[in-house]
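Following: one structure in structure tokens, then a few remarks.
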Amino acid sequence: MLSVVIAAVILFVLLRLLPGDPANALVSVGADAAQIEAARKQVGSDLPLYEQFLRFAGSLARFDLGNSFVSSAPVLDEIGKRLIVTVPLTLMAFVFSVAISVPLGILSVVRQNRWYGALISVVSQLGIAVPVFWIGILLVTVFAVNLRLFPSGGFPSRGWQAPGAAFQALVLPVVTITVVMSASLIRYVRSATQDVLGSDYLRTARALGATFSHALIRHGIRNGAVPVISVLGIELASTLLGAVVVERVFALPGLGSMLLLGIEQRDYPNVQGVLFVSTLLVLLVGFAADLIQRSIDPRLRSRGVGGGA
Amino acid sequence: MSASKPRNSGLAAGLAVALAASVIGPALAAESDPDATINIGSLYEPQNLDNTAGAGQGINEAFNGNVYEALFRLTDAGTVEPSLAKDTKVSEDGLTYTFALQPGVTFHSGAPLTSKDVKFSIERVTAEASKSSRKNSLKTIASVETPDDATVVVKLASRSISLPYNLSYVWIANDEATDFQAKEDGTGPYALQEWRRGSSLAIARFDKYWGEKPKNGEVVFQYFTEATALNNALLTGSVDIITSVQSPDSLAQFKDNPEFTVSEGQSTTKLLLAYNDRVAPFDNVKVRKALARAIDDGKLLKAVWGDYGTLIGSFVPPTDAWYADLTKVDAYDPESAKALLKEAGYPDGFTFTIDTPNYDPHPIAAQFIQSELAKIGVKVQINVITANEWYTKVYKAHDFQATLQEHVNHRDIVFYGNPDFYWGYNNPKVIDLIKQAESSGTEAEQAEKLKEANTIIAEDAASNWFYLYPQIVVSKASVNGYPLNGLNSQFFAYGITKAE
Numbered sequence: 220m221l222s223v224v225i226a227a228v229i230l231f232v233l234l235r236l237l238p239g240d241p242a243n244a245l246v247s248v249g250a251d252a253a254q255i256e257a258a259r260k261q262v263g264s265d266l267p268l269y270e271q272f273l274r275f276a277g278s279l280a281r282f283d284l285g286n287s288f289v290s291s292a293p294v295l296d297e298i299g300k301r302l303i304v305t306v307p308l309t310l311m312a313f314v315f316s317v318a319i320s321v322p323l324g325i326l327s328v329v330r331q332n333r334w335y336g337a338l339i340s341v342v343s344q345l346g347i348a349v350p351v352f353w354i355g356i357l358l359v360t361v362f363a364v365n366l367r368l369f370p371s372g373g374f375p376s377r378g379w380q381a382p383g384a385a386f387q388a389l390v391l392p393v394v395t396i397t398v399v400m401s402a403s404l405i406r407y408v409r410s411a412t413q414d415v416l417g418s419d420y421l422r423t424a425r426a427l428g429a430t431f432s433h434a435l436i437r438h439g440i441r442n443g444a445v446p447v448i449s450v451l452g453i454e455l456a457s458t459l460l461g462a463v464v465v466e467r468v469f470a471l472p473g474l475g476s477m478l479l480l481g482i483e484q485r486d487y488p489n490v491q492g493v494l495f496v497s498t499l500l501v502l503l504v505g506f507a508a509d510l511i512q513r514s515i516d517p518r519l520r521s522r523g524v525g526g527g528a
Numbered sequence: 052m053s054a055s056k057p058r059n060s061g062l063a064a065g066l067a068v069a070l071a072a073s074v075i076g077p078a079l080a081a082e083s084d085p086d087a088t089i090n091i092g093s094l095y096e097p098q099n100l101d102n103t104a105g106a107g108q109g110i111n112e113a114f115n116g117n118v119y120e121a122l123f124r125l126t127d128a129g130t131v132e133p134s135l136a137k138d139t140k141v142s143e144d145g146l147t148y149t150f151a152l153q154p155g156v157t158f159h160s161g162a163p164l165t166s167k168d169v170k171f172s173i174e175r176v177t178a179e180a181s182k183s184s185r186k187n188s189l190k191t192i193a194s195v196e197t198p199d200d201a202t203v204v205v206k207l208a209s210r211s212i213s214l215p216y217n218l219s220y221v222w223i224a225n226d227e228a229t230d231f232q233a234k235e236d237g238t239g240p241y242a243l244q245e246w247r248r249g250s251s252l253a254i255a256r257f258d259k260y261w262g263e264k265p266k267n268g269e270v271v272f273q274y275f276t277e278a279t280a281l282n283n284a285l286l287t288g289s290v291d292i293i294t295s296v297q298s299p300d301s302l303a304q305f306k307d308n309p310e311f312t313v314s315e316g317q318s319t320t321k322l323l324l325a326y327n328d329r330v331a332p333f334d335n336v337k338v339r340k341a342l343a344r345a346i347d348d349g350k351l352l353k354a355v356w357g358d359y360g361t362l363i364g365s366f367v368p369p370t371d372a373w374y375a376d377l378t379k380v381d382a383y384d385p386e387s388a389k390a391l392l393k394e395a396g397y398p399d400g401f402t403f404t405i406d407t408p409n410y411d412p413h414p415i416a417a418q419f420i421q422s423e424l425a426k427i428g429v430k431v432q433i434n435v436i437t438a439n440e441w442y443t444k445v446y447k448a449h450d451f452q453a454t455l456q457e458h459v460n461h462r463d464i465v466f467y468g469n470p471d472f473y474w475g476y477n478n479p480k481v482i483d484l485i486k487q488a489e490s491s492g493t494e495a496e497q498a499e500k501l502k503e504a505n506t507i508i509a510e511d512a513a514s515n516w517f518y519l520y521p522q523i524v525v526s527k528a529s530v531n532g533y534p535l536n537g538l539n540s541q542f543f544a545y546g547i548t549k550a551e
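In order, the protein sequence lines correspond to chains A and B.
Heads up: the first sequence is residues 220 to 528, going by my numbering.
Heads up: the second sequence is residues 52 to 551, going by my numbering.
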């Protein structure tokens, strides 16, 4: 709870430190001084800072995220509409990344002397080095502009009511995030596997007569999974907002682009709303990762809730 | 569609032999589909749906003439035509306008149009709390009366020759409507279907429309934040038209391709370097003229737009009746610029800061100006700011020396008649001429007065006007009937046809 309060205060102060005024989004060239003042009054930016903060804190305490200054739409509704793009995008990319990186990561250690073991390491290093937007643009050029297999961007105006088109719109963005996410996950899986291979318990299991693959599957994966899961949690949480770059390349109406536009327009309610909801999501993902780790590793169960590794 | 099939399939069969299979699709579709969905790609998503509340130019593009109508309509050619006002009578003294409303008009909600809706709509723009940037141009309206349901009488405090033009952007809405920012209740040929913020806005044909039916069934504006993504969408067929191309580089891929049509119309968007004419050294006409002569406008235009765009010597585009070719005034001449600076008392030049909006083409233009002025000993510091910051610092507080800005609106020379405007140009002669022009009895008289004002601001080098943006529309070759000029950013969609 304390972390939410601290986050709220920092958020409030940082936003007000930006030069500009949310009222500016409501006027255009030709408006006179009186009209600008009227706009300031409407959004409350004419009030002293402490009063603005009291209002902000008050509505936050009531879980009322308010209405956008610019579009007057309720912030929570808008976030809901954005989440139905961002959450499927992130989750699909996440599932694919895990499905790709866990086996490849293990393979790259177990078979490091084979050519494909080395290849996996090299490709994953490359994947980390290449910027995500570049991969997005490359995929668009090849699969949308030249091969015409998928749309180059945008989301259907009927959203998920047109499920086929909506899925198609997400294919290239999901692939883009998957490439980048897998590349970094492979490295974590790889180093976790290396730790496991050098461990005493694996040696003991082999000494007791278990085959290498049996020992690895029975004891190794379970042990190696614990640190990897906390990394997975962090990756998932950061991709929810980090998808903004991909959303921009593919013109997707996601949460990240709402945040970006909100900052550009100084639309405080939208920015605060997005950051507040994403803080909650991050806490939720962290909590879920914690629970999973506990169920895998009995040593963690004796610790108090929230005190996990 | 079915009636035309036999005739066309013969043609297609012939073509199929000669050409690649991909050509058959378009060849089959000689007739347009009356229920087609037209996908329009744009970079200007509206911020909300109310043109009096800072919705931006995107709302004019999507809604003006499509969803909302006004008493008059500004046509793509720049003329003002009656729309919801069927007939207009003007009193001898020019102070009373009597409008007879078009009969049989219904709002999208089903309510009939009455004079009360017109009064409500005009007063929404002129109201005390209105944030409309057009409020000032309507302040001559003293009262709006409604003697009966079909008649509106507008009384003016002083003559206003531009009244019909000014009324062309006062959207007539149902007086019972309450939410203008997220909903609409207009009388246009389309009604709002769905607005997915950050992505698209769909409008569908309104079956009870009073006038001529649209030639398509639905129009979807697809919004992009990046020009490249927008171009790709046209290349891959997910949009049919791009309303205004923002860089010449991208045109190469469409220009020599028979699948696309590239058209150039007239825009009203001007790029200028506005000085703060209130402060030294820019309160000195000689300094302003020297700077105008030191910058090669043609080279800048070429750098930004290649072979597109038009040079202007003042704030008025060639489409206005009061246009005069003033490009010769303070034309590029660095030697005389240096001499003028010396005369003005700055033989060694001076240093100033240009507040530069952080989006294209401003940063490139600022760098160009910096290198041009360095040649006459004037040092330029570039301060990059966001659009939002620009309003607070430059527009409102007048806390600047010079700024780059693009001005989009049509007929905005009137800003030079307002000494409180951000650039602070204050010439009593010009203020008087612009006032007189508005109270002219005829359009010829208005044009003559504004032309004189236009010439004076050019001679005064009130600001430094570089060029008029080109207005380039690119569409699939199978799509026709769209407007080309984009005056005030409007984009009438009802004439667009698409062959399937």
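Beta carbons are placed, not taken as given, at the ideal position from N, Cα and C, and that holds for glycine.
Just so it is clear, the structure is predicted and the values come from calculations on it, not from any experiment.
Measure how close the beta-carbons of residue i and residue j come, nearest whole angstrom, since I'm counting them as under 8 Å.
i         : j         : result
B/Ala-395 : B/Ala-341 : 7 Å
B/Ala-278 : B/Leu-94  : 7 Å
B/Ile-223 : B/Val-195 : The Cβ separation is near 12 Å, so there is no contact.
B/Thr-320 : B/Glu-457 : 6 Å
Among the residues of its own chain, which have a CB less than 6 Å from the CB of residue i, if the five just before and after it don't count?
i         : result
A/Ser-278 : Gly-285
B/Tyr-545 : Pro-240, Pro-265
A/Val-468 : Phe-352, Gly-355
Relative to the C-alpha of residue i, which candidate in the options has its C-alpha closest?
i         : options                                    : result
B/Lys-234 : B/Ile-254, B/Ala-504, B/Ala-425            : B/Ile-254
A/Ala-250 : B/Glu-440, B/Thr-103, B/Leu-392            : B/Thr-103
B/Asn-536 : B/Val-530, B/Val-525, B/Ser-529            : B/Val-525
A/Leu-357 : A/Ile-347, A/Val-342, A/Ser-371            : A/Ser-371
A/Ile-225 : A/Ser-327, A/Met-477, A/Phe-495            : A/Phe-495
B/Gln-153 : B/Asp-127, B/Thr-202, B/Asn-539            : B/Thr-202
B/Leu-286 : A/Phe-288, A/Ala-508, A/Arg-367, A/Ile-440 : A/Arg-367
B/Ala-121 : B/Ile-415, B/Leu-218, B/Ala-417            : B/Leu-218
B/Asp-564 : B/Lys-167, B/Leu-207, B/Thr-370, B/Ser-181 : The structure shown does not extend to residue 564 of chain B, since chain B is modelled only from 52 to 551, so the question has no answer here.
A/Ala-384 : B/Lys-206, B/Ser-289, B/Glu-245            : B/Ser-289
B/Glu-551 : B/Leu-252, B/Lys-527, B/Phe-542            : B/Lys-527
A/Pro-322 : A/Asp-419, A/Arg-409, A/Ile-347, A/Leu-221 : A/Arg-409
A/Leu-245 : A/Thr-412, A/Ser-418, A/Arg-518, A/Ser-264 : A/Ser-264
A/Ser-290 : A/Glu-256, A/Pro-238, A/Asn-489            : A/Asn-489
A/Phe-431 : A/Leu-221, A/Ser-449, A/Val-329            : A/Val-329
Mind pulling the chain A residues with CB within less than 8 Å of residue i?
i         : result
B/Ser-250 : Gly-373, Phe-374, Ser-376, Ala-470, Leu-471, Pro-472
B/Ser-289 : Pro-370, Ser-371, Gly-372, Gly-373
B/Thr-443 : Pro-238, Gly-239, Asp-240, Asn-243
B/His-458 : Val-248
B/Phe-517 : Neighbours of B/Phe-517 on chain A: none; closest Cβ ~17 Å, over 8 Å.
B/Ile-180 : Note on residue identity: the sequence assigns Ala, not Ile, to residue 180 of chain B. Those within 8 Å of B/Ala-180 in chain A are Ala-257.
Taking only beta-carbon positions, decide if residue i is within less than 9 Å of chain E.
i         : result
B/Arg-185 : Checking the listed chains, one finds no chain E in this structure; the protein chains it contains are A and B.
Using a Cβ cut-off of 9 Å, pull out every chain A residue sitting near residue i, in sequence order please.
i         : result
B/Arg-256 : Neighbours of B/Arg-256 on chain A: none; closest Cβ ~16 Å, over 9 Å.
B/Gly-452 : Sequence inspection shows Gln at residue 452 of chain B; the Gly mentioned does not correspond to that position. Chain A residues near B/Gln-452: none, gap ~17 Å exceeds 9 Å.
For residue i, return the contacting residues in chain B, with the cut-off set at a CB-CB distance below 7 Å.
i         : result
A/Ala-363 : Asn-283, Thr-287
A/Val-536 : A query on residue 536 of chain A cannot be resolved here, the shown segment of chain A reaching from 220 to 528 and no further.
A/Ile-255 : Lys-447
Quick one: residues in its chain with C-beta nearer than 8 Å to the C-beta of residue i, no 5 flanking neighbours on either side, listed in chain order?
i         : result
B/Lys-337 : Leu-391, Leu-392, Glu-394, Ala-395
A/Leu-421 : Val-415, Ala-434, Leu-435, His-438, Gly-439
So, at 7 Å on beta carbons, what are the nonlocal neighbours of residue i in its own chain, with the 5 sequence-adjacent residues on each side left out?
i         : result
A/Val-465 : Val-351, Gly-355, Pro-392, Thr-395, Ile-396
B/Val-435 : Thr-407, Asn-409, Pro-414
So with CB distances below 9 Å, who are the chain B contacts of residue i?
i         : result
A/Arg-467 : Thr-276, Glu-277, Ala-280
Closer than 8 Å is the cut-off here; do at least three beta carbon pairs connect the region 186-194 of chain B with the region 128-141 of chain B? no
Could you tell me whether the region 320-336 of chain A touches the region 385-394 of chain A, using the rule of 3 or more Cβ pairs below 8 Å? no
Three CB pairs or more closer than 8 Å across the region 488-498 of chain B and the region 195-212 of chain B: yes
Cβ contact (3+ pairs, closer than 8 Å) linking the region 146-163 of chain B and the region 293-304 of chain B: no
Check whether the region 83-94 of chain B and the region 504-518 of chain B touch, using three or more Cβ-Cβ pairs below 8 Å as the test. no
Between the region 429-438 of chain A and the region 337-346 of chain A, can you find at least three pairs of beta-carbon atoms closer than 8 Å? no
Pairing CB atoms from the region 258-266 of chain A with CB atoms from the region 462-474 of chain B, are three or more of them under 8 Å? no
Does the count of Cβ pairs from the region 315-330 of chain B and the region 471-489 of chain B closer than 8 Å reach three? yes
Across the region 301-318 of chain A and the region 264-275 of chain A, are there enough close Cβ pairs to call them in contact, namely three or more that are closer than 8 Å? no
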